[in-house]
Structure formats: structure tokens, C-alpha cells
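Chemist: I have a structure I would like to understand better, so I am pasting it below and will then ask my questions one at a time.
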Amino acid sequence: MFNFDAKFWKTLIPLLIRPGEVSKNYIAGKRQRYSNPFKFYLTVSVIFFLIIGITDSYNDFNNFRNGKNPNNTDIFNAINLNLKEDQKKDSILNLKETDSTLTAIKDTISKMPFLKVGGKEIKIVKMLKFQKQHPNLYVDDALDSLKIDKSFSNKFWYSRSQLINTIYTDSTVSKKLKKQFLSYSSIALFILLPLFTLFLKFIYIRSKFTYVEHLIFVFHTQTLFFLLLSIFYILNIFIETDSYTGLFLLLFLLYLFLAMKKFYEQSFIKTLFKYVFANVLFMIFTSLGVVFISFIAFALF
9 MFNFDAKFWK TLIPLLIRPG EVSKNYIAGK RQRYSNPFKF YLTVSVIFFL IIGITDSYND
69 FNNFRNGKNP NNTDIFNAIN LNLKEDQKKD SILNLKETDS TLTAIKDTIS KMPFLKVGGK
129 EIKIVKMLKF QKQHPNLYVD DALDSLKIDK SFSNKFWYSR SQLINTIYTD STVSKKLKKQ
189 FLSYSSIALF ILLPLFTLFL KFIYIRSKFT YVEHLIFVFH TQTLFFLLLS IFYILNIFIE
249 TDSYTGLFLL LFLLYLFLAM KKFYEQSFIK TLFKYVFANV LFMIFTSLGV VFISFIAFAL
309 F
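9 is the number of the first residue of the sequence shown in the numbering used here; add one for each residue after it.
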């Protein structure tokens, strides 16, 4: 997989600087010049996840070296700086609304439709509060104390309540969950790309391209996305890149538009219309995939 021969670099550099050209040349018969799109996608995606692991390890080491490596107690104390004294034993729902991130978390949780019925708290909220106050109690004993039926779903949600409470107080747990989510996302994306290609073929139903040729284009654009993300993560080692996330997304969206125009050779207006339509479809698929993968990662963590 990691065979960085001349083909790799002859694919990488044009893919970065000339949108749509590699795909166009590849299906035109100039395949000997470039890496196989499928293998190239796998190689770059693996490199991307390796970079994530390396940058996370570097940041942890850098924090440790600078005396900023927080343990669970430090994080918990930091959160409680914004709590009233009589709120310190309560759950995450009682965080004082002075920090915008914590406020957003509280609002998101409290507005979820299954949390309240007729103004009264239901099981999940009770579980969160009870588990926060009794972290070492076994699931069956906790459900007995709460007078909740010991069904499979109740046992599952009580066990997950511990994870929910821990995510906001333990950075190690949240990082592990993030990595698990990313690993599942790579699998989901690999499954979604061929499905998205079907819709792309429908959008360009009058074009001469076959399904496989559309798929080559999709693999190349997604590979470029991983390449840009890799650069983004590497730059984050040296500078704070969070404020440039919007610029990164804009850069990729511009690249995608130019790639579609170059590859499909249609007018600006037609390309723009199909570009918007394709992105709306992709966002719908991605949103559904994120919800599904988030639940799987949350359930199996």
C-alpha cells in the first residue's frame, strides 16, 4: 500500500493543483502515468488517520511538557469553576451558563424531545443524575434504586449514561470516542461513496461516462479531501488552525466545482446547478451517515 513510487507523486501533485485533470486523463487511457484511484484513495486515507494519531500524540506530549496535561480531577475542577457551590453534586444539566460551549451542551441535552414529558423528567435524565451521584453502583442495583424496569434498553441507556457524564469530565475518554468515531466514519464513507456515485450518474445521465468512470472521479475528489485534511492537521502542530476551518471548507468546495467543470466539460451554469444539487444530496447522505455512525460508536464504546 505504501509504495511511494513515481506514479504516486505524478498522481499527488496534479491532483492537488489541477482539479479534475487526473480523473480525465486516467479514463482517457493514460493510466500508466497514474496510481490506481482505489489504491491511491486507500493509501491517502490510511496516511490521514496515521497523521491524526501522530498529531494527537504530539499535542498530548506538548501539553505534558508544558505542564498542561490535565487529569480527571483537574478537568472536573475546571468545569466546576462555573458552578454554584450547591450545584457541584448535580449533573451536567446544572452547569452554570457562563461558558458558551457548556451552555450549548446543556441546551442541546435539555431540548431533546425524549427528555421530558408533560414537563416532568423521564428515565434518561434520572439515569444521568443518579449515575453522577452514584458512579460505582452496578447497573441492576441502580435500576432497582430508580424503580425502573431492568429491560435490555434500560440497562443499555444506564450504562451509556456513565459515558455521557464522563465525556464532559475526562478528556481521555472523549479523545478515545473521537478516534472510534473516525475509524467507523472511514468505513461508512467507503460504503457511501459508491452509493453517491449512483446519484452523480443520475445527475449526469446524458453524459458519456460509465458508472466506473464516475466512481474514479468521486474517489479522486474524496482523496483530495483527505489530503487537505492531512495538511490541515499538520499545520495545526505549528499554528492554531481552528479559526481557519471555514477557509478550508471553502477551498475544498471551490476545488470540487473546478474539478466537476473540468471533468464533465459543461458550461458554468450547468456545472453550478449540478454542483449545488450534488452537494445537497451528499450532505443529506453524510448527515444520515454521521447520525448512524455516532450511534454505533456510542453504543459500542
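Glycine is no exception: its CB is placed at the ideal position from the N, C-alpha and C atoms.
1. Say whether the region 231-245 touches the region 47-59, bearing in mind that this needs 3 or more beta-carbon pairs closer than 8 Å, one atom from each stretch.
2. Please go through the same chain and pick out, in chain order, the residues whose beta-carbon is closer than 8 Å to the beta-carbon of I224, but skip the five residues on each side of it.
3. Looking only at its own chain, which residues have a Cβ that is under 8 Å from the Cβ of P121, when we skip the five neighbours before and after it?
4. Are the Cβ atoms of L206 and F293 separated by less than 7 Å?
5. Can you tell me where the alpha helix (DSSP H) with E273 in it begins and where it stops?
6. Output the residue ranges of the alpha helix (DSSP H) runs that lie fully inside the region 210-275 and measure 4 residues or longer, sorted by chain position.
7. If you drop the 5 nearest sequence neighbours on each side, which residues of the same chain put their C-beta closer than 7 Å to that of A14?
8. What is the DSSP secondary structure of S153, reduced to helix, strand or coil?
9. Exposed or buried, what is G37 when buried is set at 16 or more other beta-carbons lying within 10 Å of its beta-carbon?
10. Looking only at its chain, what residues have a beta carbon closer than 6 Å to the beta carbon of L266, apart from the 5 residues adjacent to it on each side?
11. Output the distance between the C-alpha atoms of L289 and F204, rounded to the nearest integer angstrom.
12. Helix, strand or coil for A36, going by three-state DSSP, please let me know.
13. DSSP on Y166, reduced to helix/strand/coil?
14. Straight-line CA distance for A286 to L208?
15. By DSSP, does Q13 sit in helix, in strand, or in coil?
16. Is the region 242-255 touching the region 55-63, taking contact as three or more C-beta pairs under 8 Å?
17. Could you check what DSSP says for R26 in three-state terms: helix, strand or coil?
18. What did DSSP end up calling S31 once you bin it into helix, strand or coil?
19. When DSSP labels each residue in this structure, what does P45 get in the three-state scheme?
20. For F138, count the other beta carbons within 10 Å of its own beta carbon; 16 or more makes it buried, fewer makes it exposed. Which is it?
21. Is the distance from the Cβ of K158 to the Cβ of D148 below 7 Å?
22. Mark I3 as exposed unless 16 or more other C-beta atoms lie within 10 angstroms of its C-beta, in which case mark it buried.
23. Count the other CB atoms within 10 Å of the CB of F1; is the residue buried (16 or more) or exposed (fewer)?
Modeler: In terms of the structure at hand:
1. Result yes; three or more Cβ-Cβ pairs closer than 8 Å.
2. Exclusion of the five residues before and after I224 leaves S31, Y34, I35, P45 as the residues of its chain whose Cβ lies within less than 8 Å of its Cβ.
3. Because P121 carries a pLDDT of 45, less than 50, the predicted location of this residue cannot be relied on, and the following value inherits that uncertainty. Same-chain partners within the cutoff: there are none.
4. Cβ distance not < 7 Å, so L206 and F293 don't count as in contact.
5. From DSSP, E273 is part of no alpha helix (DSSP H); its letter is neither H nor E.
6. The DSSP assignment places 219-246, 253-272 as complete runs of the alpha helix (DSSP H) inside the region 210-275, in order along the chain (cut-off: 4 residues).
7. Same-chain partners within the cutoff: there are none.
8. S153 sits in a helix when the DSSP states are folded into three classes.
9. By the 10 Å Cβ count, G37 comes out exposed.
10. P27.
11. Distance between the alpha carbons of L289 and F204: 8 Å.
12. If DSSP states are grouped into helix, strand and coil, A36 belongs with coil.
13. Three-state DSSP puts Y166 in a helix.
14. Between A286 and L208, the C-alpha separation is close to 7 Å.
15. Inspection of the sequence shows that residue 13 is occupied by Asp rather than by Gln. Coil, per DSSP.
16. The region 242-255 makes contact with the region 55-63: 3 or more CB pairs, one atom from each, lie closer than 8 Å.
17. Coil at R26, not helix or strand.
18. In the displayed model, S31 falls within a helix according to three-state DSSP.
19. Three-state DSSP puts P45 in a helix.
20. In this structure F138 is buried. Its beta-carbon is surrounded by 16 or more other beta-carbon atoms within 10 angstroms.
21. Result yes, Cβ atoms of K158 and D148 sit closer than 7 Å.
22. Missing from the structure shown is residue 3; the chain here goes from 9 to 309 and no further.
23. This structure leaves residue 1 out entirely; the chain is present only between 9 and 309.
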